[in-house]
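Engineer: My structure is below; once you've seen it, I'll send some questions.
2 protein chains.
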Amino acid sequence: MASKDRILRLKEETRANILDAALRIVKEEGWQALSMRKIADKIEYTAPIIYEYFASKEAILLELNRQGYLKLAKELQLAKDDHNSPAEQLEAMWLAYWNFAFANKELYQGMFGITTSCACEMVNKLPEAELPWDIITGSISELMKIEDLESEIICTKYYTFWSIVHGLVSINLLDRGNSDEINRQVLRDAITGIIRSITP
Amino acid sequence: MASKDRILRLKEETRANILDAALRIVKEEGWQALSMRKIADKIEYTAPIIYEYFASKEAILLELNRQGYLKLAKELQLAKDDHNSPAEQLEAMWLAYWNFAFANKELYQGMFGITTSCACEMVNKLPEAELPWDIITGSISELMKIEDLESEIICTKYYTFWSIVHGLVSINLLDRGNSDEINRQVLRDAITGIIRSITP
DNA sequence: TAAATCATTTAACAGTGTTAAGCAAATGTA
DNA sequence: TACATTTGCTTAACACTGTTAAATGATTTA
Chain P
1 MASKDRILRL KEETRANILD AALRIVKEEG WQALSMRKIA DKIEYTAPII
51 YEYFASKEAI LLELNRQGYL KLAKELQLAK DDHNSPAEQL EAMWLAYWNF
101 AFANKELYQG MFGITTSCAC EMVNKLPEAE LPWDIITGSI SELMKIEDLE
151 SEIICTKYYT FWSIVHGLVS INLLDRGNSD EINRQVLRDA ITGIIRSITP
Chain V
201 MASKDRILRL KEETRANILD AALRIVKEEG WQALSMRKIA DKIEYTAPII
251 YEYFASKEAI LLELNRQGYL KLAKELQLAK DDHNSPAEQL EAMWLAYWNF
301 AFANKELYQG MFGITTSCAC EMVNKLPEAE LPWDIITGSI SELMKIEDLE
351 SEIICTKYYT FWSIVHGLVS INLLDRGNSD EINRQVLRDA ITGIIRSITP
């Protein structure tokens, strides 16, 4: 009886190992270099065994992204909890978003890269309460004193925020035109600018 | 003697055909589906012939991107020429940028997609006068009454502009959270906001 | 007409994701 | 203990990828 548990635990472990190996390869050699056989090598198995844990390579990428969204949500929540006023919360959250992107470059590329079009579908499959979207719009609606989280105005403001931060992030991920500090300042200016513009 | 010319002309033509076929495949089936054999099929040759015209698949992608940058620059210049004041020029140019992105979705993805890291290196290999960068910073420096196009302040403002527009574009390319009109309005607001903030 | 060059194709290599078949060890059953 | 069954894992294979070398057949040159 208990051996069943042990086996299940082992299975869960190799599943985690697969994901871990995949992410390690991506960090070392980039998304392009990720292959099933390389993953298998890293966990000291042969390739077909992976299909016992994931239906396809795509499924592995999807799961990595899912974990990325959860991780991002967790860090946003952490940043939010550190502050009381919605304005401070928003600033802290978008800075946390920025930090997440650079601390997890490859993950972020997978999650929000233009070519990986799964981002949208993926986001919708996550547990609602833990979505980055909800955590942030909460503060926006509080700041604007609008109850309905799904209202058009909240949605628009959220997208404005997201666009600016994501734009800065992605341009820095591919070009790094300015120094870190300058870009951080641009980010800060943009964020406080929007916050001011939506503060009643 | 003249036959040499004819042959050269034919060669130039098939080179263009290769690029054309590649872009058509990408538009029909996405970047992921692009393969040498498919290109060869479309131009009614076999795959190895492509290597007479391009060193590798990567080289084809690079050339497609190059053409994309030139096309974008041309449209920016066109938009610029339609207006006199630098403020109007900037608004028109960023709207043209936005329109280019959606009229050439796949091309834009290739040019500025996070995962395709060639964007930065590519841009630097283009004839200077025709770079998007130069066309836009010209108007910024005129508006701010600063001579030096390479000065830090101009550079920063350019990146601020670019980040916001690119952010809006790329999020709309993967999510389309709002309607077209709303996003266009967000874009307009953002652009006029920055223009106002840098107008002396 | 013979030689040389050119354009193009076929065949092949190493790699990819994925599936099916096989094997060998562990487990369940009598 | 002996047999049957399931499990874990590997080998072999398929269709595809980018790319290269060799072979072929047509065209130009001498």
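Order-wise, the sequence lines are chains P and V. Residue numbers for the first sequence, in our numbering: 1 to 200. Residue numbers for the second sequence, in our numbering: 201 to 400. All C-beta atoms in this analysis are idealised placements derived from N, C-alpha and C, irrespective of residue type, glycine included. Quick caveat, the model's predicted, so the values are computed rather than measured.
Does the beta-carbon of lysine 80 (chain P) have 16 or more other beta-carbons within 10 angstroms, so that it is buried, or is it exposed?
Structural biologist: buried
Engineer: Please work out which residues of its chain come closer than 6 Å, Cβ to Cβ, to serine 341 (chain V), disregarding the five sequence neighbours upstream and downstream, and give them in chain order.
Structural biologist: Leu349, Ile354
Engineer: Could you confirm whether any beta carbon from chain V is found closer than 8 Å to the beta carbon of tryptophan 162 (chain P)?
Structural biologist: Yes, its Cβ sits closer than 8 Å to a Cβ of chain V.
Engineer: For glycine 338 (chain V), return the contacting residues in chain P, with the cut-off set at a CB-CB distance below 7 Å.
Structural biologist: Here the premise fails: no neighbours, minimum Cβ distance about 17 Å.
Engineer: Alpha carbon to alpha carbon, how far is valine 365 (chain V) from leucine 343 (chain V)?
Structural biologist: 19 Å
Engineer: Using C-beta distances below 8 Å, list every residue in its chain close to alanine 190 (chain P), excluding the 5 sequence neighbours before and after it, in chain order.
Structural biologist: Ile164, Val165, Leu168
Engineer: Along the chain, where does the alpha helix (DSSP H) containing lysine 145 (chain P) start, and where does it finish?
Structural biologist: Careful: lysine 145 (chain P) lies outside any alpha helix (DSSP H) and carries neither H nor E.
Engineer: Just the chain P side, please: which residues come within less than 8 Å of leucine 219 (chain V) by C-beta, in chain order?
Structural biologist: Those within 8 Å of leucine 219 (chain V) in chain P number zero; the least Cβ separation is about 20 Å.
Engineer: Is there a Cβ of chain V sitting closer than 8 Å to that of glycine 167 (chain P), yes or no?
Structural biologist: Chain V contact via Cβ: present.
Engineer: Counting only beta-carbon separations shorter than 8 Å, does tyrosine 69 (chain P) have a partner in chain V?
Structural biologist: no
Engineer: Tell me, please, whether the CB atom of threonine 399 (chain V) is closer than 8 Å to any CB atom in chain P?
Structural biologist: no
Engineer: Three Cβ pairs or more, each shorter than 8 Å: is that satisfied between the segment 20–39 of chain P and the segment 47–55 of chain P?
Structural biologist: Three or more pairs of CB atoms, one per stretch, sit closer than 8 Å, so the segment 20–39 of chain P contacts the segment 47–55 of chain P.
Engineer: When you compare only the Cα positions, how much space is there between leucine 387 (chain V) and lysine 204 (chain V)?
Structural biologist: Across the structure, leucine 387 (chain V) and lysine 204 (chain V) are spaced so that their CA atoms are roughly 52 Å apart.
Engineer: I need the straight-line Cα distance from aspartate 41 (chain P) to isoleucine 7 (chain P), nearest angstrom please.
Structural biologist: Between the C-alpha atoms of aspartate 41 (chain P) and isoleucine 7 (chain P) there is a straight-line separation of about 22 Å.
Engineer: Decide yes or no for the touch test of the segment 258–265 of chain V against the segment 285–300 of chain V: beta carbon pairs closer than 8 Å, at least 3 of them.
Structural biologist: no
Engineer: Nearest-angstrom Cα distance between isoleucine 136 (chain P) and alanine 216 (chain V)?
Structural biologist: Taking the CA atoms as reference points, isoleucine 136 (chain P) sits about 48 Å from alanine 216 (chain V).
Engineer: Along the chain, where does the alpha helix (DSSP H) that runs through glycine 313 (chain V) open and close?
Structural biologist: Note, glycine 313 (chain V): premise wrong, no alpha helix (DSSP H); not H, not E.
Engineer: Does any residue of chain P have a CB that is nearer than 8 Å to the CB of serine 235 (chain V)?
Structural biologist: no
Engineer: The alpha helix (DSSP H) that contains threonine 156 (chain P), what's its start and end?
Structural biologist: For threonine 156 (chain P), the enclosing alpha helix (DSSP H) has its first and last residue at 152–174.
Engineer: Could you check if lysine 11 (chain P) is buried or exposed, using at least 16 other CB atoms within 10 Å of its CB as the buried criterion?
Structural biologist: exposed
Engineer: Do you know how far the Cα of asparagine 172 (chain P) is from the Cα of leucine 23 (chain P)?
Structural biologist: 22 Å
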